[in-house]
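Read in order, the letters of the sequence shown correspond to residues 0 to 161 in numbering that gives the first Met the number 0. Below is one structure; the comments refer to it alone.
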Amino acid sequence: MGMMKCLGKEMKKKVQINGLDDFAKHLDKPLFTSYPIEITTEKMQQYCLSVNNQEWVHWDEAGSRKSGLEGLITPGLFIPSLYPQVFWDHVEMQNVPHILVKKIEHIQIYRPIYMGTRIDLTSTITSVKPRRKGIEVDYDVSFDDVETRDHLADARFILRYW
Numbered sequence: 000m001g002m003m004k005c006l007g008k009e010m011k012k013k014v015q016i017n018g019l020d021d022f023a024k025h026l027d028k029p030l031f032t033s034y035p036i037e038i039t040t041e042k043m044q045q046y047c048l049s050v051n052n053q054e055w056v057h058w059d060e061a062g063s064r065k066s067g068l069e070g071l072i073t074p075g076l077f078i079p080s081l082y083p084q085v086f087w088d089h090v091e092m093q094n095v096p097h098i099l100v101k102k103i104e105h106i107q108i109y110r111p112i113y114m115g116t117r118i119d120l121t122s123t124i125t126s127v128k129p130r131r132k133g134i135e136v137d138y139d140v141s142f143d144d145v146e147t148r149d150h151l152a153d154a155r156f157i158l159r160y161w
């Protein structure tokens with residue numbers, strides 16, 4: 000695949016999905032692995048403000064360190080909140096007129112994620128189910144540390160298309 004710049008990020012050419020039948024072509028193999036995303040205090044605290052999260056572990060670095068953490072940590076919902084933007088940076092759809100997020104089935108964080116960590120996301124279609132109208136697609140998303148390759152978190156997003 001060719002390389003392109005997207006918002007200052009070097010990334011591969013977008014995955015093309017042309018119609019509902021194309022989803023099954025990507026079943027059980029990585030749809031994409033994202034560009035590295037650095038977790039910054041500014042981004043994390045903007046997210047916290049947007050959801051009124053005032054927990055001290057996201058704001059009080061000295062208190063976080065005193066508690067035994069290595070510094071500020073991300074809220075559990077921050078990491079999966081990165082997925083929609085990253086998805087659309089990597090996937091282009093045509094002839095898919097209706098999209099609905101049905102649910103996020105699970106989110107699991109395996110260890111604290113600190114400021115300065117660089118992560119990438121790998122999205123894999125694990126199921127394509129026919130529905131009365133359209134299809135339902137399960138995406139398993141893995142969030143990994145770019146430097147150590149530690150598996151930090153995962154989530155399953157279930158979307159409907161018709």
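Just so it is clear, CB atoms sit at the ideal spot from N, CA and C, and this is done for glycine as well. Because the structure is a prediction, the values reported are computed rather than measured.
Among the options, which has the Cα closest to the Cα of residue i?
i: T40; options: I124, G115 and S141; result: G115
i: K13; options: W161, I98 and Q93; result: Q93
i: V136; options: N17, E91 and L26; result: L26
i: V95; options: P29, S49, P35 and I134; result: I134
i: P111; options: G67, K132 and Q15; result: G67
i: E146; options: I118, H97, Y113 and I16; result: I118
i: G138; options: N52, K132, P83 and D88; result: Residue identity differs from the one stated: residue 138 is Tyr in this sequence, not Gly. Among N52, K132, P83 and D88, the Cα nearest to that of Y138 is on P83.
i: D20; options: S80, C47, K65 and R130; result: R130
i: K28; options: L151, V140 and H150; result: V140
i: K180; options: Y113, K11, K65 and H97; result: Only positions 0 to 161 of the chain appear in this structure, which leaves residue 180 out of reach.
i: S63; options: Y113, C47 and L151; result: Y113
Can you check whether the CB of residue j is closer than 9 Å to the CB of residue i?
i: R155; j: E104; result: yes
i: V127; j: F31; result: no
i: I38; j: V56; result: no
i: L120; j: F142; result: yes
i: Y34; j: L99; result: no
i: I36; j: E91; result: no
i: S122; j: F86; result: yes
i: W58; j: Q44; result: yes
i: I106; j: D153; result: yes
i: K11; j: H89; result: yes
Measure how close the beta-carbons of residue i and residue j come, nearest whole angstrom, since I'm counting them as under 8 Å.
i: I124; j: I78; result: About 20 Å; that fails the 8 Å criterion.
i: E60; j: G70; result: 6 Å
When DSSP builds the beta bridges, which residues end up paired with residue i?
i: F142; result: L120 and A152
i: H105; result: R155
i: M92; result: I16
i: T32; result: T121
i: K128; result: E135
i: Y113; result: I72
i: L26; result: I124
i: Y160; result: I98 and I134
i: E41; result: Per DSSP, none; premise fails for E41.
inquiry  = Suppose only complete runs of 3+ residues qualify. What are the beta strand (DSSP E) ranges in the stretch 60–94, listed by chain order?
reply    = Taken in chain order, the complete beta strand (DSSP E) segments of 3 residues or longer contained in the stretch 60–94 are 90–93.
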